[in-house]
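Asks: Protein chains in written order, with our numbering: chain P, 1323 to 1546; chain U, 1169 to 1294.
We put the CB at the ideal spot given by N, CA and C, even for glycine.
In this text the structure is predicted, and so the values were computed from the model without any measurement.
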């Protein structure tokens, strides 16, 4: 028996990364812009998405959503009220979505006919961090009820996201949320991060967020 | 305890590489772990023992090299190491730095394996 050293140089999650890269190519062929929403449980992903899907559909856009939860299909049923095609991934306790779970839910959808796909990840500010789903943009949501210092407590997730969305701004005064401090904490862990401030209840800030996503899609797919 | 699923992915990748090399057993795995990888070292070591049971890696050692977060500071015109992942300002001049040079690593760099002598010779002559 001989002992040998083998150099590998490979990411631990290379299997997921390869699958995600395959999905990203597939999305690109269909000129489909994909958004991954991450947040703690209860930050308002479903409420924001429900309203965004409805508004985007009203503007003539073809949108769809895949939603992940540990249990129940409650969120999928809520999102389906927008009229958009929606599918639920029930993870049975798993704390994040992986690329193969998403791939399995795309069967039968005509991706070419869609403009945007939203992925509502499992509510968790830790585990979804590492799992690339082939998205173009990762939105991290933070509600005003959660405390201004959440980005400092979960710097890895906030740093991994592209854009931050502060939600439930209609409750900011009642929660005595210091929005300046919240923005400063987001940018302490992700300098220069783009931040949107929204309320799914009043609709404030949604048109700005939708306009941003449309501009991103146009920049990526000028011909679409 | 996501570290257990990370450990399971690690074992899967290493087993595949070890089998390809004709290894009988894996004795050590070398991993680079960035401060921004978000993986807790102790939990990963615990998960490793669980995930390696009954595999080619059973009884092997996981050797972890910690990698600090390094950002590029445009004002200082050099790479600087951050003392904390709560504050992405240059520790020298205070400028916020968004460009990450290192610290996200969750990477297997290599493995130490036992191979039968004839396989070892074949590999060396190949």
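1) Does DSSP put residue 1251 of chain U in a helix, a strand or coil?
2) Check whether the segment 1269–1282 of chain U and the segment 1516–1523 of chain P are in contact - that is, three or more C-beta pairs closer than 8 Å.
3) Does the beta carbon of residue 1256 of chain U come closer than 8 Å to any beta carbon on chain P?
4) Name the one or two DSSP bridge partners that residue 1463 of chain P has.
5) Count the other C-beta atoms from every protein chain shown that fall within 10 angstroms of the C-beta of residue 1294 of chain U, then say buried if there are 16 or more, exposed otherwise.
6) Between residue 1276 of chain U and residue 1215 of chain U, how many whole angstroms is the CB-CB distance? I'm expecting something under 8 Å.
7) In angstroms, rounded to a whole number, what distance separates the CA positions of residue 1365 of chain P and residue 1234 of chain U?
8) By DSSP, does residue 1183 of chain U sit in helix, in strand, or in coil?
9) Would you kindly check if the distance between the Cβ of residue 1400 of chain P and the Cβ of residue 1372 of chain P is under 8 Å?
10) Thinking residue 1223 of chain U and residue 1183 of chain U are a contact (beta carbons under 8 Å), I'd like their distance in whole angstroms, please.
11) Near residue 1512 of chain P, what residues of its chain come up, given a Cβ to Cβ distance below 6 Å and the 5 sequence neighbours on each side ignored?
12) Out of U/1207, U/1185 and U/1230, which one is the CA nearest neighbour of residue 1198 of chain U?
13) Would you identify the three-state DSSP class for residue 1419 of chain P, choosing helix, strand or coil?
14) Could you list which residues in chain U have their beta carbon closer than 7 Å to that of residue 1360 of chain P, in chain order?
15) Could you have a look at residue 1264 of chain U and say whether DSSP puts it in helix, strand or coil?
16) Judging by CA-CA distance, which residue of P/1456, P/1360 and P/1474 is the nearest neighbour of residue 1354 of chain P?
17) For residue 1244 of chain U, collect the residues of the same chain with a Cβ closer than 7 Å to its Cβ; drop the 5 residues on either side in sequence, then sort them by chain order.
18) How many angstroms separate the CA atom of residue 1218 of chain U from the CA atom of residue 1172 of chain U?
19) Between the segment 1335–1352 of chain P and the segment 1461–1469 of chain P, are three or more C-beta pairs nearer than 8 Å?
20) Please check if any C-beta of chain P sits within less than 8 Å of the C-beta of residue 1277 of chain U.
21) With DSSP run on the structure shown, which of helix, strand or coil describes residue 1258 of chain U?
22) Is there at least one Cβ from chain P nearer than 8 Å to residue 1210 of chain U's Cβ?
23) With a threshold of 6 Å on Cβ separation, who are the neighbours of residue 1451 of chain P within its own chain once the five nearest residues in sequence on each side are excluded?
24) Would you mind reading off the limits of the alpha helix (DSSP H) that contains residue 1344 of chain P?
25) For residue 1504 of chain P, return the contacting residues in chain U, with the cut-off set at a CB-CB distance below 9 Å.
26) Out of P/1405, P/1362, P/1402 and P/1425, point me to the one whose CA is closest to residue 1340 of chain P's CA.
27) Among the candidates P/1505, P/1491, P/1494 and P/1440, whose CA atom is the shortest distance from the CA of residue 1375 of chain P?
28) Do we get a CB-CB distance below 8 Å when we pair residue 1477 of chain P with the residues of chain U?
29) Could you check which residue in P/1381, P/1418 and P/1362 has the C-alpha nearest to that of residue 1388 of chain P?
30) Below 8 Å on C-beta distance, what does residue 1335 of chain P contact in chain U?
31) Checking contacts by CB at 8 Å: is residue 1330 of chain P closer than that to chain U?
32) State yes or no: is the beta carbon of residue 1474 of chain P nearer than 8 Å to at least one beta carbon in chain U?
33) For chain P, check one thing: does any of its Cβ atoms lie closer than 8 Å to the Cβ of residue 1284 of chain U?
34) At a CB-CB cut-off below 8 Å, which residues of chain U make contact with residue 1557 of chain P?
35) Are residue 1454 of chain P and residue 1541 of chain P touching if we call contact CB-CB under 8 Å?
36) Specify the secondary structure class of residue 1393 of chain P as computed by DSSP and reduced to three states.
Replies: By the coordinates alone:
1) In the structure shown, residue 1251 of chain U falls within a coil segment according to DSSP collapsed to helix, strand and coil.
2) Segments in contact, no.
3) Residue-level contact by beta carbon holds for residue 1256 of chain U and chain P, with a gap shorter than 8 Å.
4) Residue 1463 of chain P is bridged by DSSP to P/1487.
5) Caution is warranted here: a pLDDT of 44 is assigned to residue 1294 of chain U, below 50, making its placement in the model unreliable, and no coordinate value can be reported.
6) About 15 Å separates the CB atoms of residue 1276 of chain U and residue 1215 of chain U; that is not less than 8 Å, and the two are not in contact.
7) Taking C-alpha positions only, residue 1365 of chain P is separated from residue 1234 of chain U by approximately 33 Å.
8) Secondary structure of residue 1183 of chain U (DSSP, three-state): helix.
9) At a Cβ-Cβ threshold of 8 Å, residue 1372 of chain P and residue 1400 of chain P count as neighbours.
10) About 6 Å; that satisfies the 8 Å criterion.
11) Within the same chain, residue 1512 of chain P has close Cβ partners 1480 and 1481.
12) Just measuring C-alpha positions, the residue of U/1207, U/1185 and U/1230 sitting nearest residue 1198 of chain U is U/1230.
13) Correct three-state label for residue 1419 of chain P: coil.
14) Chain-ordered listing is empty here: chain U has no CB closer than 7 Å to the CB of residue 1360 of chain P, the nearest sitting near 13 Å.
15) Taken through DSSP and simplified to helix, strand or coil, residue 1264 of chain U comes out as strand.
16) Cα-wise, what sits closest to residue 1354 of chain P is P/1456.
17) Counting only residues of its own chain and dropping the five nearest sequence neighbours on each side, residue 1244 of chain U has a CB closer than 7 Å to the CB of 1258, 1260 and 1261.
18) Cα to Cα, the separation comes out at about 8 Å.
19) By the C-beta criterion, the segment 1335–1352 of chain P is judged not to be in contact with the segment 1461–1469 of chain P, since fewer than 3 inter-stretch pairs fall below 8 Å.
20) Taking 8 Å as the CB threshold, residue 1277 of chain U lines the interface with chain P.
21) Shown here, residue 1258 of chain U sits in coil according to DSSP, grouped into three states, outside any helix or strand.
22) Contact with chain P is absent for residue 1210 of chain U, since none of that chain's Cβ atoms lies less than 8 Å from the residue's Cβ.
23) Contacts found: 1478, 1479 and 1482.
24) Segment 1336–1351, the alpha helix (DSSP H) holding residue 1344 of chain P.
25) In chain order: nothing, as chain U lies at least about 14 Å away.
26) Checking every option, the nearest Cα to that of residue 1340 of chain P belongs to P/1425.
27) Taking the Cα of residue 1375 of chain P as reference, the smallest distance to any Cα among P/1505, P/1491, P/1494 and P/1440 is reached at P/1440.
28) At a cut-off of 8 Å, the C-beta of residue 1477 of chain P has a neighbouring C-beta in chain U.
29) A check of alpha carbon separations from residue 1388 of chain P across P/1381, P/1418 and P/1362 identifies P/1418 as the nearest.
30) Neighbours of residue 1335 of chain P on chain U, chain order: 1174, 1177 and 1274.
31) Taking Cβ atoms only, chain U reaches closer than 8 Å to residue 1330 of chain P, which makes this a yes.
32) At a cut-off of 8 Å between beta carbons, residue 1474 of chain P contacts chain U.
33) Output row for residue 1284 of chain U: interface = yes.
34) No answer is possible for residue 1557 of chain P: it lies beyond the span of chain P, which begins at 1323 and ends at 1546.
35) If you check the CB distance, residue 1454 of chain P and residue 1541 of chain P do not come in under 8 Å.
36) Coil.
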